[in-house]
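Read through the structure below, which is laid out as structure tokens, and then see the notes.
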Amino acid sequence: MTDTTPQMTDTGPMGLRLKSAMPWLCAALLLLILPQIFSANATITLMNQMAITIIFALAYNMLLGQGGMLSFGHAVFMGLGGVFAVHVMSYVEAFGAPLPLPLLPLFGGFAGLLLACVIGSFSTRQAGTVFAMISLGVGELIAACSLIFVTFFGGETGVSADRTYGLPVFGVEFLRQSEVYYLIAAWLLLSVFLMYLYTRTPMGRMANAVRDNPERAEFLGYSARWVRFYSFIFSGFFAGIAGGLFALNYEIMTSESMSLVQSGKILLITFLGGMGYFVGPIIGAIVFTLLTTVLGRYTELSALYVGTVFVLTVMYCPRGLAGLLMMHEPAYRLGKLRRLVAPYLKVLIPVLVATLGCAALFEMLFHVRHAPPGDHEMRLYWVTFDSHSPIAWGIVIGVTLLAIMTTRALIPHIKDAWHDANTIDKGAS
Amino acid sequence: MTHALDISGLKKSYGKAEIIRGVDLHITKGERHAIIGPNGAGKSTLFNLITRRMAPSAGKVHLHGQDLNGLVPCKINRMGLSRSFQISNIFPRMSVFENIRCALLWSMGFRYSFWSLVDRSKPLTEAADAIIEQINLTSRRNIPAGVLSYAEQRALEIGLTIAGGADVVMLDEPTAGMSNTETDYIVELIRKVTVDKTLVMVEHDMGVVFGLADRISVLVYGKIIATGTPEEIRANPTVQEAYLGTAIKAEQ
């Protein structure tokens with residue numbers, strides 16, 4: 001029998017307790033000290049990008065995960081929010097309106113909200129395929145508009161502005177990357193907090209209900225369409241906030257930022273992280289940004305690897321990376337998580353070797369096909385060798401196969417350990 | 430005396446096929462009314478027409494004297510009519526508690542609120558727990574509804590239907606596919622939760638119907654051939670001929 005009493009106390013007493021505030025305090029502290037540890041400008045830029053992606057992914061998940069609406073055109077809300085924020089920035093620069101820069105993302109947010117009100121008024125009538133198709137069409141429509149209405153969207157070159165227009169907030173002029181970082185971090189924390197709270201409101205709960213069973217929700221007094229509409233406009237608002245922060249960070253918005261590619265990317269990120277969990281998109285955004293940036297520095301094939309990771313996620317853990325983590329919850333509750341560490345470490349080495357081996361094969365193939373004629377010398381994993389030599393190929397293929405076979409041989413052990421960690425010990429209560 | 434439900438001349442046809450061929454039915458406030466009939470008589474269709482899951486081809490339905498024509502299900506629900514479904518229609522991924530809480534939100538005045546937190550509303554939590562207690566699912570409170578047993582899902586379905594406090598409750602085959610013990614449990618439950626309410630139910634189990642209903646209507650091929658108390662229905666020769674004879678024999 002499952003004992004339900006400990007969970008029941010969770011929802012019992014009201015009031016803000018230290019336990020529920022802890023994750024937020026930890027996150028705030030982490031955001032505060034991160035730039036002290038990683039102080040390089042490039043790293044701070046990366047973290048800014050991550051933060052913006054997290055907000056966007058969470059906003060997207062309000063539709064996909066919470067509301068059951070698959071959107072193929074969500075980048076337009078972020079893009080429009082960004083473009084609008086850039087115009088506000090230019091306006092303030094030109095006319096010297098007293099607007100402190102930290103409030104700029106709000107304008108992006110309201111632009112996103114407004115656009116979502118217009119589009120949501122007809123697209124949220126139904127979920128499923130109809131919604132997905134409308135989102136695709138509208139996404140393409142607005143992306144096309146960005147090339148037509150050149151004065152507003154800036155055409156091919158985009159619109160740009162200068163964030164340092166001179167209205168220092170407490171002496172901060174946002175000239176340095178780290179100052180922008182703190183501004184973005186504050187917005188990140190606020191947005192994530194608000195989006196989390198939203199899931200705990202009647203609307204947030206009904207969004208889940210409509211996702212699971214719109215008809216039942218109708219017979220409980222809620223119009224499925226209005227519930228979807230509210231999810232849609234709030235999602236648009238936070239996507240707009242992300243756009244405003246993007247504009248603030250890069251000081252330029254191009255039509256590329258609202259293209260189908262961006263919409264597809266955010267879908268991929270959300271799915272990778274796990275759309276069934278609130279933290280899923282956060283994990284997805286961090287992993288995806290790291291993967292693309294870090295891999296992009298070392299290889300030209302980064303898109304191939306990211307694609308492979310995505311396909312493997314869809315095939316083997318459809319609940320995403322967050323789902324993979326949450327799988328360990330039963331073992332954790334039983335206090336037997338430690339028993340999994342040794343088997344995991346044991347399998348980690350062959351898995352790592354197999355992965356690197358496969359990557360090496362791709363890289364070598366790419367070198368053979370694309371290097372200038374006569375250039376046989378390639379450098380991989382700190383080793384320089386001849387990419388055309390059969391010996392090199394033999395070694396790499398051999399090592400990779402060996403690693404794959406070792407991994408396969410270890411799978412039963414992992415399964416045993418998993419089973420052991422997830423069953424209650426005999427004699428234990 | 431005002432009727433809880435007034436149905437007059439209700440018709441539904443698909444092309445030339447008439448499923449409901451003019452139904453007139455008046456259900457008094459506070460009565461337990463059962464609709465019986467052979468398979469394919471259109472009982473579920475009649476239910477769907479009354480609750481506007483489908484639009485009728487002709488005819489009118491009045492709830493507490495108000496015309497339901499052109500209203501969507503959520504509006505009808507807000508006017509005090511709630512229904513269950515023949516096939517369990519719950520939120521499978523949510524816990525039992527969350528299911529019931531969702532059913533309470535509108536009637537407790539939360540509407541489309543995004544400024545209040547559900548966990549912080551003590552009356553909401555208490556009301557949901559009271560209903561879970563009533564449908565005997567307290568030990569299942571935090572389990573996803575999708576993993577409940579069939580009978581438990583049916584009980585939850587009834588819980589969802591009555592949670593909003595609607596005064597007209599419509600149950601579509603609440604005991605379909607249940608064992609005898611489970612049926613007894615559900616009948617007891619229905620009796621308990623529909624005190625002071627108007628109940629309209631479709632049911633196949635004659636034991637349940639004759640034990641529970643104040644009045645019975647017999648629907649055969651889209652028409653009501655008789656309405657009356659259980660005794661009247663049992664004695665009615667037309668009903669005997671059309672339907673009940675076989676059903677009662679099967680029962681004995």
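Protein chains in written order, with my numbering: chain A, 1 to 429; chain B, 430 to 681.
Note that the Cβ used here is the ideal one computed from N, Cα and C, for glycine as well.
Between residue 228 (chain A) and chain B, the shortest Cβ-Cβ separation is not below 8 Å. The Cβ-Cβ distance between residue 378 (chain A) and residue 367 (chain A) falls below 8 Å.
Within the same chain, 104, 107, 108, 244 and 247 come within 6 Å of residue 85 (chain A) by CB-CB distance, once the 5 residues on both sides are set aside. Scanning A:386, A:257 and A:349 for the CA closest to the CA of residue 157 (chain A) turns up A:257. Chain A has a Cβ within less than 8 Å of the Cβ of residue 527 (chain B).
Residue range 510-512 is occupied by the beta strand (DSSP E) that includes residue 512 (chain B), with no alpha helix (DSSP H) assigned at that position.
Judged by DSSP secondary structure, residue 660 (chain B) falls within the alpha helix (DSSP H) whose first and last residues are 659-664. For residue 93 (chain A), the enclosing alpha helix (DSSP H) covers residues 75-95. Under the three-state reduction of DSSP output, residue 485 (chain B) falls in the coil class, being neither helix nor strand. Proximity of residue 548 (chain B) to chain A, defined by a Cβ-Cβ separation below 8 Å, is satisfied.
Within the segment 529-543 of chain B, 530, 531, 532, 534, 535, 536, 539, 540, 541, 542 and 543 place their CB atoms closer than 8 Å to a CB of chain A, listed in sequence order.
According to the DSSP assignment, residue 419 (chain A) belongs to the alpha helix (DSSP H) that extends over 390-421. The beta-carbon distance between residue 188 (chain A) and residue 55 (chain A), rounded to whole angstroms, is 6 Å. This is short enough to meet the 8 Å contact definition. Taking 8 Å as the cut-off between beta carbons, none of the residues of the segment 624-642 of chain B comes near chain A. By DSSP's assignment, residue 652 (chain B) forms a beta bridge with B:649.
Going by beta carbons, residue 644 (chain B) and residue 460 (chain B) fall inside the 8 Å limit. Taking a Cβ-Cβ cut-off of 8 Å, residue 668 (chain B) has no neighbours in chain A, whose nearest Cβ is about 31 Å from it. Contact with chain A is absent for residue 645 (chain B), since none of that chain's Cβ atoms lies less than 8 Å from the residue's Cβ.
The Cβ of residue 209 (chain A) sits closer than 8 Å to at least one Cβ of chain B. For the options B:648, B:653, B:652 and B:641, the alpha carbon positioned closest to that of residue 660 (chain B) is the one of B:641. Here residue 327 (chain A) is exposed: its Cβ has fewer than 16 other Cβ atoms, across all protein chains shown, within 10 Å. According to DSSP, residue pairing for residue 432 (chain B) in a beta bridge involves B:457. At a cut-off of 8 Å between beta carbons, residue 520 (chain B) contacts chain A.
For residue 279 (chain A), there is no enclosing alpha helix (DSSP H), as DSSP gives it neither H nor E.
Here residue 631 (chain B) is not near residue 486 (chain B), since their CB atoms are 8 Å or more apart. Around the C-beta of residue 253 (chain A), 16 or more other C-beta atoms lie within 10 Å, and the residue is accordingly described as buried. Assignment of residue 630 (chain B) by DSSP, reduced to helix, strand and coil, places it in the strand class.
Any Cβ of chain A closer than 8 Å to the Cβ of residue 593 (chain B) would place that residue at the interface, and such an atom is present.
Scanning the segment 140-191 of chain A for uninterrupted alpha helix (DSSP H) segments of 4 residues or longer gives 150-153, listed from N- to C-terminal end. DSSP places residue 27 (chain A) within a helical segment (H, G or I) once states are collapsed to three. Distance from the CA of residue 438 (chain B) to the CA of residue 198 (chain A), rounded to the nearest whole angstrom, comes to 46 Å. Chain-order list of chain A residues neighbouring residue 523 (chain B): 208, 209 and 212, by C-beta distance under 8 Å.
Counting only the Cα atoms, residue 51 (chain A) lies some 12 Å from residue 287 (chain A). Residue-level contact by beta carbon fails for residue 302 (chain A) and chain B, as no gap is shorter than 8 Å. Taking CB atoms only, residue 597 (chain B) has no neighbour in chain A less than 8 Å away. DSSP places residue 624 (chain B) outside any beta strand (DSSP E), giving it a letter other than H or E.
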